[in-house]
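Residue 1080 is where the sequence shown starts when you use our numbering, and the numbers rise one by one after that.
Just so it is clear, CB atoms sit at the ideal spot from N, CA and C, and this is done for glycine as well.
What follows is a single structure, written as structure tokens, with notes after it.
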Amino acid sequence: MSNTEYRRVKWGLIGAGDFGQIYAQIMKQLPNVELVSVYSRTEKNAIKASEKFGIKKWYTDFHSLINSDGVEAVAIVTDEHHHYEPVMVALKAGKHVIVEKPIAPSLKEADEMIAQSKKTDKVFAVAHILPFHNHYAMAKAEIDKGSIGEIVSMYARRNAASFWGEKLQDHSSAIYDEMIHDMECMLWYTGWKVKRVYAQTKNVRGMKKPDVCWAIFTFENGSIATLEANWYLPANTPYLIDSQMEIHGTEGMLYIDLSDQGLRVNDRNGWRFPDATWWPEKLGRVEGALGDEIRYFADGIMLGKMPQGLGDPQRARDALEIVMAAEKSAETGQIVDL
1080 MSNTEYRRVK
1090 WGLIGAGDFG
1100 QIYAQIMKQL
1110 PNVELVSVYS
1120 RTEKNAIKAS
1130 EKFGIKKWYT
1140 DFHSLINSDG
1150 VEAVAIVTDE
1160 HHHYEPVMVA
1170 LKAGKHVIVE
1180 KPIAPSLKEA
1190 DEMIAQSKKT
1200 DKVFAVAHIL
1210 PFHNHYAMAK
1220 AEIDKGSIGE
1230 IVSMYARRNA
1240 ASFWGEKLQD
1250 HSSAIYDEMI
1260 HDMECMLWYT
1270 GWKVKRVYAQ
1280 TKNVRGMKKP
1290 DVCWAIFTFE
1300 NGSIATLEAN
1310 WYLPANTPYL
1320 IDSQMEIHGT
1330 EGMLYIDLSD
1340 QGLRVNDRNG
1350 WRFPDATWWP
1360 EKLGRVEGAL
1370 GDEIRYFADG
1380 IMLGKMPQGL
1390 GDPQRARDAL
1400 EIVMAAEKSA
1410 ETGQIVDL
């Protein structure tokens, strides 16, 4: 890489909630990122993030952040119902854009974002984390070299602690927030299209959204995937997320199990399995899959392209369409054809 290619890109961060602050911490670690501004809807949170991470400017109007002098790229880390307008404003202003998953709350908004991105030479990417996790990335490498032959069936589970659903139920669901991770990953693994979906859900605790969700997906070649996404792990579960995947092929299989992540701690309150792979803090730095993901996006934007097809907004849009079909199936009790 030449000296002219390697430089510090000026970034703005849109969203200063819990996850936005993890983004900020990672971005401040990266040598090719200069985090120059932060936006929050509330002045209190904008100022707090600015002071905590040493960010020079803060805003309560994202238009002002996007159009401020020097900002070349923005990371949008708001909930999905507040993705569309900042994405569109930033793309029209000629900025590089990274937006957290899911890409949007509707296919219309996702399609309009993608269409707008094609009118510019800037990077537009959607942050789905699984391709950056070592286990899922290594599974992809095994699939690509033919270790398990042709894939015939897949299974994934992403079950979260009960408080997760209580926190997200106002704007999301277990299908929409959790299941979309594994579906996007399966699309990345195979490149296939889903043609049929059948899902069932159960609302155990009377929340705004069901907290137990299962779905069966049939791909265009007849292969089948079953996905499980629950917000019903007991409050004393020692891990935050029970994440597993099985992939069966004509010549072998792959199995990923990240429930305890290889680290177990027993203290006066019992067993707990701390995060060791998603976004753990190590020696004062946030590492893991999220650290690798943001580093990848920062490098790609510095170069003006995303190698290896990660962060593909079309794949993110397709995953959205599929999980929306699962929600429709669960609501109607009918099979949904795509």
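- The continuous beta strand (DSSP E) containing Phe1298 extends over residues Val1291 to Phe1298.
- Remark: three or more beta-carbon pairs, one from each stretch, lie closer than 8 angstroms, so the segment 1295-1304 and the segment 1265-1272 are flagged as touching.
- Excluding its 5 nearest sequence neighbours in each direction, Ile1227 has C-beta neighbours in its own chain below 7 angstroms: Glu1221, Ile1326, Gly1328, Glu1330, Gly1331, Met1332 and Leu1333, listed in chain order.
- By the criterion of a C-beta distance shorter than 7 angstroms, His1175 is surrounded in its chain by Glu1151, Ala1152, Lys1201, Val1202 and Ile1380, once the five residues flanking it on both sides are discounted.
- The beta carbon of Glu1307 sits closer than 6 angstroms to those of Arg1236 and Trp1293, all from its chain and outside the five residues before and after it, given in chain order.
- Proximity of the segment 1380-1392 to the segment 1343-1352 falls short of the contact definition, fewer than three beta-carbon pairs being nearer than 8 angstroms.
- As computed with DSSP, Glu1325 is found in a beta bridge with Tyr1234 and Tyr1334.
- Note that the C-beta distance between Val1112 and Val1088 is below 9 angstroms.
- With a 10 Å radius around the Cβ and a threshold of 16 neighbouring Cβ atoms, Val1273 comes out buried.
- When only Cα atoms are considered, Leu1369 and Trp1090 end up about 17 angstroms apart.
- Excluding sequence positions up to five before and after Leu1144, its CB lies within less than 7 angstroms of the CB of Gly1091, Ile1093, Ser1116, Tyr1118, Tyr1138 and Val1150, all in the same chain and listed in chain order.
- Sixteen is the threshold: when 16 or more other Cβ atoms of the shown chains lie within 10 Å of the Cβ of Met1324, as they do, the residue is buried.
- Comparing alpha-carbon positions, the option among Pro1210, Asp1339, Gly1133 and Gly1383 lying closest to Thr1316 turns out to be Asp1339.
- In this structure, the alpha-carbon of Ala1128 lies about 7 angstroms from that of Gln1100.
- Around Tyr1215, the same chain offers Leu1209, Cys1264 and Ile1335 as residues with beta carbons nearer than 7 angstroms, after the five sequence neighbours per side are excluded.
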